[in-house]
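Numbering (this note's numbering), first residue to last: 65 to 437. Cβ coordinates follow ideal geometry from the N, Cα and C atoms, glycine included. Here is the structure we will look at, set down as structure tokens.
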């Protein structure tokens, strides 16, 4: 990209700069890592569908809307040749931003939480390229096929292949969805009023297999992943941030939570999505949940203080739970100013508690944005 940009005209460089400004200032939603905006409140009831419903596998791939991303997080285990056990978390995310006839921007982030070593590592990339300009809302071929350099995700019908590498770590993973996709807000369509609309679904439990290269040592890994796919013609409406949680419990149930804050730090929207062991999805009322921060952690790199440990109490006929969530590493902060222009914390967590009177344990990921010094 640098060689190509060297020969771009002055006006094109200005256009790219404008596009990046739009990207970093107008694509802020749970799952999208920027601290410059918040969502309007989401209804607890399924939104009346005024746009085409999600269809699989058609809607797994790229769309021609303003904003889109494919977001993978997960936990992996391995045993090396000496018999030593290893535990990892991983994050791999690809963003797409389309603005008028400007070049399309593809930022990407890759992170490994090496729990065994007690270390967190990440890398970032950004690709800018010209693509054809189909009509808004259109969609290309079914299935996922997104590349940023030699990082990529390809997939169809919930069978996805992930490739990414950085210094000392590389992944070559095959993921298989174990449940039907969960359509958030009941039908997978969330409207934001003046902010626009968003399609949003998750594959809440994906089986992981493949290879992790750890300091040039190839390890066969197994584990469980979570995948989010969100797209639409939506833009941000102000400053703030959010806390987002994906929770996978050992009784084969999953929970997705997020709390959205305005610029003053006040929580303006809460979302509770629950997928039961049979794959049936529910949206629970926000008043059924209470979240309590148990600890805090201050980054030695940025000086930002984040919450670091939570108690989640949910009291609803579908879900009676008390969960203690703890980061598996304190420092899982990404400073990604060269790709998405921001700083955020996203990391692997462990979970203990009870659900409907029975003990449960599990694993998950938490994303924290909008925090400052």
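Query - Length of the line joining the Cα atoms of residue 138 and residue 287 - result: Whole-angstrom Cα-Cα distance: 7 Å.
Requested in this report: Mind checking which residues open and close the beta strand (DSSP E) that includes residue 229?
Outcome: It spans 223-230 - the beta strand (DSSP E) in which residue 229 sits, taken as one unbroken run.
Query - Coil, strand or helix - residue 427 by DSSP - result: Here residue 427 sits in strand by DSSP.
Query raised in the report: What's the C-alpha gap between residue 442 and residue 217?
Result: No answer is possible for residue 442: the residues shown for the chain start at 65 and end at 437.
Requested in this report: Would you list the residues sitting across from residue 338 in a DSSP beta bridge?
Outcome: DSSP lists 319 and 346 as partners of residue 338.
Query - Which residues DSSP lists as bridging residue 145, in chain order - result: In the DSSP output, where bridge partners are listed per residue, residue 145 has none listed.
Query raised in the report: According to DSSP, is residue 433 helix, strand or coil?
Result: Coil at residue 433, not helix or strand.
Query raised in the report: DSSP state of residue 312, grouped into three classes?
Result: The answer is strand: DSSP assigns residue 312 an E or B state.
Report task. Using the Cα positions of residue 140 and residue 398, report the straight-line distance between them to the nearest angstrom. Result -> Note on geometry: alpha-carbon atoms of residue 140 and residue 398 lie some 20 Å from one another.
Query raised in the report: Is the distance from the Cβ of residue 334 to the Cβ of residue 318 below 7 Å?
Result: No.
Requested in this report: Output the distance between the C-alpha atoms of residue 243 and residue 232, rounded to the nearest integer angstrom.
Outcome: So the two alpha carbons sit approximately 33 Å from each other.
Query raised in the report: Mapping DSSP to helix, strand and coil, what is residue 396?
Result: If DSSP states are grouped into helix, strand and coil, residue 396 belongs with coil.
Requested in this report: Name, in chain order, the residues that DSSP records as bridge partners for residue 244.
Outcome: Answer is none; residue 244 lacks a bridge partner.
Report task. Answer yes or no: do residue 246 and residue 345 have a C-beta to C-beta separation smaller than 7 Å? Result -> A distance below 7 Å separates the beta carbons of residue 246 and residue 345.
**Report entry** Exposure of residue 426, with buried meaning 16 or more beta-carbon neighbours within 10 Å
**Finding:** With 16 or more neighbouring CB atoms inside 10 Å of its own CB, residue 426 falls in the buried class.
Requested in this report: Note down the Cα distance separating residue 358 from residue 122, rounded to an integer number of angstroms.
Outcome: Taking the straight line from one Cα to the other gives about 43 Å.
Query raised in the report: Going straight from the alpha carbon of residue 159 to that of residue 329, what length do you get?
Result: Taken atom to atom, the span from the alpha-carbon of residue 159 to that of residue 329 is near 26 Å.
Query raised in the report: For residue 271, which of 230, 277 and 222 has the nearest alpha-carbon?
Result: Closest option to residue 271, Cα to Cα, is 222.
Query - Extent of the continuous beta strand (DSSP E) to which residue 120 belongs - result: Unbroken run through residue 120: none, as it is neither H nor E.
Query raised in the report: Going by DSSP, which residues form a beta bridge with residue 406?
Result: Looking at the DSSP assignment, residue 406 forms a beta bridge with 400.
Report task. Round the Cβ separation of residue 219 and residue 124 to the nearest angstrom and send it over; I've been treating them as touching at under 8 Å. Result -> Residue 219 to residue 124, Cβ: 7 Å. Contact.
Report task. Report the rounded CA-to-CA distance for residue 283 versus residue 206, giving the unit in angstroms. Result -> Note on geometry: alpha-carbon atoms of residue 283 and residue 206 lie some 32 Å from one another.
Query raised in the report: What three-state label does DSSP hand residue 22 in the structure shown?
Result: Because the chain spans 65 through 437 in this model, residue 22 falls outside it and cannot be assessed.
Query - CB contact flag (residue 185, residue 176, <7 Å) - result: Going by C-beta atoms, residue 185 is nearer than 7 Å to residue 176.
Query raised in the report: Beta-carbon separation of residue 424 and residue 280 under 7 Å?
Result: Going by C-beta atoms, residue 424 is not nearer than 7 Å to residue 280.
Report task. Determine the contact status of residue 438 and residue 252, defining contact as a CB-CB distance below 7 Å. Result -> Look at the range of the chain in this structure, 65 to 437, and you will see that residue 438 is not part of it.
Query - Identified DSSP bridge partners for residue 171 - result: In DSSP, residue 171 forms a bridge with 190.
Query raised in the report: Which class does residue 385 belong to by DSSP, given the choice of helix, strand or coil?
Result: Correct three-state label for residue 385: strand.
Query raised in the report: What first and last residue would you give for the beta strand (DSSP E) that runs through residue 219?
Result: Start and end: 215-220.
Query raised in the report: In three-state terms, what does DSSP make of residue 417?
Result: Three-state result, residue 417: strand.
Query raised in the report: Helix, strand or coil for residue 98 per DSSP?
Result: Low confidence applies here, because residue 98 scores a pLDDT of 42, under 50, leaving its location unreliable and the question unanswered by this model.
Query raised in the report: Around the C-beta of residue 126, are 16 or more other C-beta atoms found within 10 angstroms, so that it is buried, or is it exposed?
Result: By the neighbour-count rule (16 or more Cβ atoms within 10 Å), residue 126 is buried.
Report task. Find out if the Cβ-Cβ distance for the pair residue 172, residue 133 is shorter than 7 Å. Result -> Result no, Cβ atoms of residue 172 and residue 133 do not sit closer than 7 Å.
Query raised in the report: Where do the ends of the beta strand (DSSP E) carrying residue 379 lie?
Result: 374-380 is the extent of the beta strand (DSSP E) around residue 379.
Query raised in the report: Hey, how far is the Cα of residue 385 from the Cα of residue 435?
Result: Taking the straight line joining both Cα atoms gives about 28 Å.
Query - Check whether residue 190 and residue 403 have beta carbons under 7 Å apart - result: Yes; because the gap between Cβ atoms is below 7 Å, this pair is in contact.
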